[in-house]
Amino acid sequence: MEKKIRVLIAKPGLDGHDRGAKVIARALRDAGMEVIYTGLRQTPEMIATAALQEDVDFVGLSILSGAHTTIVPRVCQLLRQEGLDDVPVLVGGIIPDADIAALKQQGVAAVFQPGASMENIVRFIRENAARKVTRDE
Numbered sequence: 014m015e016k017k018i019r020v021l022i023a024k025p026g027l028d029g030h031d032r033g034a035k036v037i038a039r040a041l042r043d044a045g046m047e048v049i050y051t052g053l054r055q056t057p058e059m060i061a062t063a064a065l066q067e068d069v070d071f072v073g074l075s076i077l078s079g080a081h082t083t084i085v086p087r088v089c090q091l092l093r094q095e096g097l098d099d100v101p102v103l104v105g106g107i108i109p110d111a112d113i114a115a116l117k118q119q120g121v122a123a124v125f126q127p128g129a130s131m132e133n134i135v136r137f138i139r140e141n142a143a144r145k146v147t148r149d150e
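Going by my numbering, the sequence shown opens with residue 14, and the numbers climb by one from there.
This is the structure in structure tokens:
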């Protein structure tokens with residue numbers, strides 16, 4: 014039996030708009046992935062702890078508040094401290110083009126801005142999950 018890809022979806026910070034996170038969660042679930050949705054107002058510490066406890070393959074952060082330059086690097090740092098540096102971090106939401114390179118330097122694997130297709134997000138996760146399995150074997 015093939016192991017399902019496990020994805021943690023989190024809404025960090027004070028942003029209370031979670032429709033996009035729920036849409037992504039449903040799309041990933043419909044694509045056969047196991048999705049853990051942590052809900053609103055998660056701290057970086059809560060996200061890293063959940064990722065460790067749930068043994069996830071990916072962490073997806075949905076941010077619309079503009080706090081991505083502070084919150085995302087902290088999440089990446091905490092994941093590394095927990096030994097989860099092999100867990101790719103995906104960021105979606107209102108992320109200015111000018112901030113993408115800095116987020117990737119902090120450890121973000123991909124940034125999906127408004128209008129990104131669900132197909133592209135699912136494909137990215139599947140391709141990177143396959144690469145991870147190949148490296149682990």
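Beta carbons are placed, not taken as given, at the ideal position from N, Cα and C, and that holds for glycine.
Does the distance from the C-beta atom of residue i to that of residue j stay below 8 Å?
i          : j          : result
residue 41 : residue 20 : yes
residue 74 : residue 88 : yes
What residues match up with residue i in a beta bridge as DSSP calls it?
i           : result
residue 20  : 48, 71
residue 106 : 76
Judging by CA-CA distance, which residue of the options is the nearest neighbour of residue i?
i           : options         : result
residue 127 : 55, 45, 85, 108 : 108
residue 115 : 94, 105, 85     : 85
residue 94  : 113, 43, 120    : 120
Please list, in chain order, all residues of the same chain as residue i whose beta carbon is under 6 Å from its beta carbon, the five residues on each side excluded.
i           : result
residue 123 : 103, 137
residue 26  : 78, 80, 84
residue 33  : 75
Given this structure, state the Cα-to-Cα distance separating residue i from residue j, to the nearest angstrom.
i           : j           : result
residue 59  : residue 90  : 13 Å
residue 28  : residue 143 : 32 Å
residue 30  : residue 83  : 18 Å
residue 56  : residue 118 : 21 Å
residue 140 : residue 15  : 15 Å
residue 53  : residue 92  : 19 Å
residue 67  : residue 110 : 31 Å
Enumerate in chain order the residues of its own chain whose CB-to-CB distance from residue i is below 7 Å, with the five nearest sequence positions on each side excluded.
i           : result
residue 97  : 64, 65
residue 69  : 19, 20, 21, 49, 100
residue 45  : 17
residue 112 : 81, 82
residue 39  : none
Looking only at its own chain, which residues have a Cβ that is under 8 Å from the Cβ of residue i, when we skip the five neighbours before and after it?
i           : result
residue 226 : Beyond the ends of the chain as shown, which are 14 and 150, falls residue 226; an answer cannot be given.
residue 37  : 22, 73, 75, 105, 131, 134
residue 129 : 105
residue 47  : 17, 18, 19, 20
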